[in-house]
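Under my numbering, the first residue of the sequence shown is numbered 40, with each subsequent residue one higher. Quick notes on the structure that follows.
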Amino acid sequence: MDKQIKKKFWSRQRILLTIGGVLFASFAAYSLLFADRRSTLNAEKDKMTISQVTNGTFDEFIVVTGVVMPLRIIRLDAIVGGYVKEKVVDGGNIVKQGQIILKLENQNLKLNFLQSETEASRLVNDLQNTRQRLKVEKFTIRKNMSDLDFLTAQAKDLYERNKKLYDDKVIPEADYLKAKRDYEKLVSQKEIDLESQRYQEENAAMQIKQLEGTLERTQKNVQLWRETLENLVVKAPVSGLLSSIDVEVGSNINQGQNIGQIDDLDGFKLRVDIDEHYNGRIFAGLSGTFEFSGKEYPLEITKIYPEIRNGRFQVDMIFSKTVPDGIKRGQSSPIRLELGKATKAVLLPVGGFFSDTGGNWVYVLDKSGGKAVKRKITLGRKNPEYFEVLEGLEVGDKVITSSYENFGDNEVLDLK
């Protein structure tokens, strides 16, 4: 008789399933309680720039571009207008002070000069004629006064004789009174003639003074026209390089029009464009350095132009010590412009990450170097090479400083 065999509860299959279930439950529990649920992105490490945070000297400076210019630029503006009769010197040549550059022609100026000169000559003749006439009138008055004095003396003698004869009752009263009236009339006439003589002398002096004043003004006007005609010959006001002369023979030039410029070759300066962001930190006396032919030359800001164009303003910088040999007008070069004194600081190299994060956070590598985790930071000052780290990073930390454009909002980068 066959014997019934009971099946075992813990069969091999059931044991394996149980173990699998326990392992799965354990994994699920671990994932639920301990697993990293932060968003993660796989990234290629060899395509990144990884920089180390260091402790060093922070030099606060900016790099700007300067253009070499002559220390002085003298504009040639036409003092008077006219057409170009002769062009004596072309641009690009060295000129000496007083050397003729252009000859202009202006018939209207010449006509005005001749009219003014003619008027001055007429006034000279008028003044001479007036003086001659007044001199003749003065002689006539003196002669008349002499005749009047003679008649008055005669009338006085007759009056005094008749008065004595009348007192002695020799002549009638009518003869006495007639002699008296004749004498008094001549005395009164003399007083009137003396007053008239004073008036005529004063009037003559006033006429002479007026004519002399008019003549003086007219002669000054003649001199002014003469100097104006001399300005038709354009001369170099200083010695230097005639860098431009923007006219041709036969062309017409208006008064005040710029016709060229002369560069003073005794020295050079640099005209520098600076971003308006630094406007409040730029002042005269600020120093910088200029590299030329492998050497550095110190510079100093001497003038600031307040006008802002396209977000930039300009300054002039001169060489504090020596001027580089071989430097040429129009040459451009970078300038290191110091904005403050060097200080000790925690430094993070500049990189493309800033444009994506605004400097508010970065990806920091863990100790293994296999992952990079997002971390909030605070940055301070910046120069072309480094950021000043205020919070969030320590010396020795390794940071991804290249662009974060392809990383999205992921908090962790899994580096491969």
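Just so you know, even glycine gets a beta-carbon here, dropped at the ideal spot from N, CA and C.
Throw me the rounded Cβ distance for the residue 324 and residue 376 pair, which I believe falls under 8 Å.
Here residue 324 is actually not in contact with residue 376; their C-beta atoms are around 12 Å apart, not less than 8 Å.
What residue from 122, 96 and 440 has the CA that sits closest to residue 271's CA?
Relative to residue 271, the option among 122, 96 and 440 whose CA is nearest is 122.
Paired residues, beta bridge with residue 274 - DSSP:
The partner list for residue 274 (beta bridge, DSSP) reads 139.
For residue 354 versus residue 340, is the C-beta distance shorter than 7 Å?
At the C-beta level, residue 354 and residue 340 come within 7 Å of one another.
Quick one, which of 394, 229, 217 and 112 has its alpha-carbon nearest residue 202's?
Closest by alpha carbon: 217.
Using a Cβ-Cβ cut-off of 8 Å (strictly less than) and excluding sequence neighbours within five positions of residue 125, which residues of its own chain qualify?
The residues are 141, 142 and 288.
Taking only runs of the beta strand (DSSP E) that begin and end inside the segment 258-312, which ones reach a length of at least 3 residues, in chain order?
Here the runs fully enclosed are 272-274 and 279-284.
Cβ contact check for the segment 261-276 and the segment 148-156: 3 or more pairs under 8 Å
Between the segment 261-276 and the segment 148-156, the count of Cβ pairs shorter than 8 Å is three or higher; the stretches touch.
Buried/exposed call for residue 58, threshold 16 Cβ in 10 Å:
Only exposed fits residue 58, as fewer than 16 other CB atoms lie within 10 angstroms of its CB.
At a Cβ threshold of 7 Å, is residue 347 touching chain B?
Annotation note: the requested chain B is absent from the structure, which comprises a single protein chain.
Minimum C-alpha distance to residue 383 - residue among 155, 83 and 94
With distances taken between Cα atoms, residue 383 lies closest to 94.
May I ask you to report which of helix, strand or coil DSSP gives residue 427?
Here residue 427 sits in strand by DSSP.
Within a Cβ cutoff of 8 Å, which residues of the same chain sit near residue 190, ignoring the five residues on either side of it in sequence?
So the list reads 225, once near-sequence residues are dropped.
Taking residue 136 as the reference, give the member of 316, 276, 262 and 258 with the closest Cα.
Ranking the options by Cα distance to residue 136, first place goes to 276.
Candidates 78, 181, 99 and 113, of which the one nearest residue 298 by Cα
Cα-wise, what sits closest to residue 298 is 113.
In terms of DSSP beta bridges, what is residue 107 paired with?
Note: residue 107 sits in a beta bridge opposite 309.
Among 315, 364 and 132, whose alpha-carbon lies nearest the alpha-carbon of residue 330?
The residue with the shortest Cα to Cα distance from residue 330 is 364.
Could you check which residue in 103, 404 and 172 has the C-alpha nearest to that of residue 372?
Ranking 103, 404 and 172 by Cα distance to residue 372 puts 103 first.
Could you give the distance in angstroms between the alpha-carbon of residue 199 and the alpha-carbon of residue 234?
In this structure, the CA atom of residue 199 is about 27 Å from the CA atom of residue 234.
Counting C-beta neighbours from all protein chains within 10 Å, is the total for residue 308 16 or more, i.e. buried, or is it exposed?
Its Cβ being crowded by 16 or more others within 10 Å, residue 308 is buried.
Excluding the 5 residues flanking residue 40 on each side, which residues of the same chain have their C-beta closer than 7 Å to its C-beta?
Caution applies to residue 40, whose pLDDT of 47 falls short of 50 and renders its modelled position unreliable; the value that the coordinates give is listed next. Counting only residues of its own chain and dropping the five nearest sequence neighbours on each side, residue 40 has no CB closer than 7 Å to any other CB.
Nearest neighbour of residue 110, chosen from 222, 316, 302 and 134 [CA to CA]
For residue 110, the nearest C-alpha among the options comes from 302.
Can you check which of these residues, 350, 343 and 161, is closest to residue 314 by C-alpha distance?
Considering only alpha carbons, the answer is 350.
Specify the secondary structure class of residue 186 as computed by DSSP and reduced to three states.
In the three-state reduction of the DSSP assignment, residue 186 falls in the helix class, which pools H, G and I.
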